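Here is the structure we will look at, set down as structure tokens.
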Amino acid sequence: MTRHVLITGGCGFIGSNFVRYVRAQRPAWRITNIDKLTEAGNLQNLADVPEDERYRFVMGDICDAPLVGRLIHDCTDIVHLAAETHVDRSIMDARPFIHSNVLGTQTILDAALRTFEARSSGRLVFASTDEVYGSLPLDRPDLKFTEDSPLRPNNPYSASKAAADMMVRAYHETFGLDCVVTRCCNNFGPNQFPEKVIPLFVTNLLEGKHVPLYGDGKNVRDWIHVEDYCSALLTMLERGQSGATYNVGANNERSNLELTRELLRVLGQGPDMIRHVADRLGHDRRYAIDATKLETELSWQATRSAWPEALERTVRWYQDNESWWRAVKSGVYKDYYRRQYGLFDEAEMDSPSAR
Ligand SMILES: NC(=O)c1ccc[n+]([C@@H]2O[C@H](COP(=O)([O-])OP(=O)(O)OC[C@H]3O[C@@H](n4cnc5c(N)ncnc54)[C@H](O)[C@@H]3O)[C@@H](O)[C@H]2O)c1
Numbered sequence: 019m020t021r022h023v024l025i026t027g028g029c030g031f032i033g034s035n036f037v038r039y040v041r042a043q044r045p046a047w048r049i050t051n052i053d054k055l056t057e058a059g060n061l062q063n064l065a066d067v068p069e070d071e072r073y074r075f076v077m078g079d080i081c082d083a084p085l086v087g088r089l090i091h092d093c094t095d096i097v098h099l100a101a102e103t104h105v106d107r108s109i110m111d112a113r114p115f116i117h118s119n120v121l122g123t124q125t126i127l128d129a130a131l132r133t134f135e136a137r138s139s140g141r142l143v144f145a146s147t148d149e150v151y152g153s154l155p156l157d158r159p160d161l162k163f164t165e166d167s168p169l170r171p172n173n174p175y176s177a178s179k180a181a182a183d184m185m186v187r188a189y190h191e192t193f194g195l196d197c198v199v200t201r202c203c204n205n206f207g208p209n210q211f212p213e214k215v216i217p218l219f220v221t222n223l224l225e226g227k228h229v230p231l232y233g234d235g236k237n238v239r240d241w242i243h244v245e246d247y248c249s250a251l252l253t254m255l256e257r258g259q260s261g262a263t264y265n266v267g268a269n270n271e272r273s274n275l276e277l278t279r280e281l282l283r284v285l286g287q288g289p290d291m292i293r294h295v296a297d298r299l300g301h302d303r304r305y306a307i308d309a310t311k312l313e314t315e316l317s318w319q320a321t322r323s324a325w326p327e328a329l330e331r332t333v334r335w336y337q338d339n340e341s342w343w344r345a346v347k348s349g350v351y352k353d354y355y356r357r358q359y360g361l362f363d364e365a366e367m368d369s370p371s372a373r
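Below, the structure written as structure tokens:
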């Protein structure tokens with residue numbers, strides 16, 4: 019039977035890249051994309067993908083159980099990416115995060131259980147995050163998160179993802195639902211909503227604005243190009259062990275200050291463009307992923323994430339797609355930050371974030 023994958027959150031950053039990736043890699047597959055089109059969800063992200071018998075978009079909320087039930091009934095598998103994803107927003111108001119990330123995931127799980135159990139087939143791949151592990155100390159570079167590290171989420175976003183991650187595990191253990199959990203590090207690449215640090219900083223610099231760097235800038239993140247995460251998602255969908263959790267990473271640790279300097283270099287600008295701003299509440303110091311399990315069990319490798327090439331390619335995408343980010347930046351999220359922060363003047367108000 020031809021695979022028909024339900025992708026949730028397909029109009030977001032990773033989702034839109036994954037829709038395109040699956041269409042290129044598995045041209046015979048069908049895709050249904052359900053997305054609520056929050057600020058981060060953008061139909062323009064898939065403007066080059068026509069709706070036809072291979073691809074269908076449905077605007078809707080993953081908490082809408084009857085809708086989700088009908089969609090899953092038509093599908094063979096689910097790649098569940100839909101979520102509220104911005105840590106800063108979760109600090110301001112955690113409620114939408116519980117709604118979409120926890121209740122939404124449980125709605126998907128219940129519908130998957132009903133349909134896939136009756137059919138005795140069907141897999142759910144869930145995008146959890148490395149943030150569920152909490153923070154590593156800066157002075158222990160030898161430490162990395164493995165799949166067995168305890169979950170110690172430190173902000174409302176990561177706590178909501180950890181809750182969903184554990185619900186997926188519970189549906190596998192309790193009901194035998196065929197699930198795979200992926201915990202990936204920070205993604206970068208095309209079509210990322212410019213409230214996240216790389217597109218925010220690149221587009222600010224292209225606009226001649228300063229870049230607002232949190233605290234001392236020493237917080238470390240592990241970076242992977244979104245195409246590598248897409249290939250990992252497809253690998254886990256096709257070959258992951260049922261009930262397994264896999265870390266996904268590219269051994270690409272950088273402090274936010276190093277990242278900022280690299281972006282300034284690529285865009286030919288100097289350190290005077292950095293504005294240090296008050297640190298994020300509860301800002302995790304360091305994330306670092308050990309992806310050995312995925313690399314050895316499923317022979318997966320990150321091949322598109324090496325710096326500086328991958329970062330330069332990404333900067334070029336934003337340079338070449340100015341109308342995309344200008345439209346997004348002039349939209350609703352500016353008002354949102356104006357209301358929430360009020361601490362930057364018009365030229366400086368955009369907030370930094372490394373998730
Ligand atoms: N971006 C990263 O670095 C990263 C790293 C690890 C894991 N993840 C996870 O990957 C997934 C995708 O992340 P992203 O960066 O593409 O996020 P994103 O914010 O760019 O996209 C999320 C999408 O989900 C949609 N959505 C939100 N709530 C919804 C709801 N209730 N019903 C239907 N659609 C809804 C939004 O409209 C948006 O299109 C998330 O689950 C995130 O936690 C992301």
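So our numbering is basically just the index in the sequence shown, starting at one, shifted up by 18. Backbone N, C-alpha and C define an ideal beta-carbon position, used for all residues, glycine too. Keep in mind it's a predicted model, so treat the numbers as computed, not measured.
Closest residue to residue i among the options (Cα-Cα distance)
i, options, result
"residue 79", "36, 98, 62, 93", "98"
"residue 136", "196, 308, 146", "196"
"residue 145", "58, 204, 296", "204"
"residue 322", "32, 290, 242, 265", "242"
"residue 235", "216, 278, 57", "278"
"residue 274", "268, 303, 261, 258", "303"
"residue 297", "60, 231, 332, 92", "231"
"residue 21", "148, 116, 141", "141"
"residue 335", "307, 261, 316, 284", "284"
"residue 459", "331, 107, 289, 166", "Since the first residue shown for the chain is 19 and the last is 373, residue 459 is missing from the structure and cannot be characterised."
"residue 192", "127, 96, 93", "127"
Whole-angstrom distance between residue j and residue i, CA atom to CA atom
i, j, result
"residue 48", "residue 188", "29 Å"
"residue 357", "residue 348", "Any reading at residue 357 must be qualified, since the residue scores a pLDDT of 49, below 50, and its modelled position is unreliable; no value is offered."
"residue 156", "residue 71", "50 Å"
"residue 286", "residue 238", "23 Å"
"residue 324", "residue 121", "36 Å"
"residue 368", "residue 255", "Since pLDDT at residue 368 reaches only 49, below the 50 mark, its modelled position is unreliable, and the value read off the structure follows with that caveat. Approximately 37 Å between the Cα atoms of the pair."
"residue 42", "residue 105", "32 Å"
"residue 185", "residue 63", "30 Å"
"residue 363", "residue 266", "Note that residue 363 scores 42 on pLDDT, short of 50, meaning its location in the model is unreliable; the coordinates nonetheless yield the value given after this. Rounded to the nearest angstrom, the two C-alpha atoms are 38 Å apart."
"residue 82", "residue 125", "8 Å"
"residue 159", "residue 220", "28 Å"
"residue 19", "residue 85", "23 Å"
"residue 339", "residue 210", "12 Å"
"residue 328", "residue 143", "26 Å"
"residue 217", "residue 269", "21 Å"
Extent of the continuous alpha helix (DSSP H) run through residue i
i, result
"residue 248", "244–257"
"residue 222", "215–224"
"residue 284", "274–284"
"residue 41", "31–43"
"residue 25", "First-last for residue 25: 22–26, but that is the beta strand (DSSP E), not the alpha helix (DSSP H)."
"residue 290", "First-last for residue 290: undefined, no H or E at that position."
"residue 321", "That residue, residue 321, is in no alpha helix (DSSP H); it is neither H nor E in DSSP."
"residue 90", "83–91"
"residue 311", "310–315"
"residue 340", "340–347"
"residue 106", "105–110"
Beta-carbon spacing of residue i, residue j below 8 Å
i, j, result
"residue 292", "residue 198", "no"
"residue 248", "residue 36", "yes"
"residue 87", "residue 53", "no"
"residue 51", "residue 90", "no"
"residue 305", "residue 246", "no"
"residue 103", "residue 58", "yes"
Chain D contact for residue i (CB, 8 Å cutoff)
i, result
"residue 120", "Here chain D cannot be found, since the structure has a single protein chain."
Continuous beta strand (DSSP E) stretch holding residue i: start and end
i, result
"residue 95", "95–98"
"residue 137", "Per DSSP, residue 137 belongs to no beta strand (DSSP E); it is in the alpha helix (DSSP H), 122–137."
"residue 53", "48–53"
"residue 145", "141–147"
"residue 74", "73–77"
"residue 266", "263–266"
Item to complete: Go through the stretch 156–234 residue by residue and report every complete run of the alpha helix (DSSP H) that reaches 4 residues or more, in order.
Response: 174–193, 215–224
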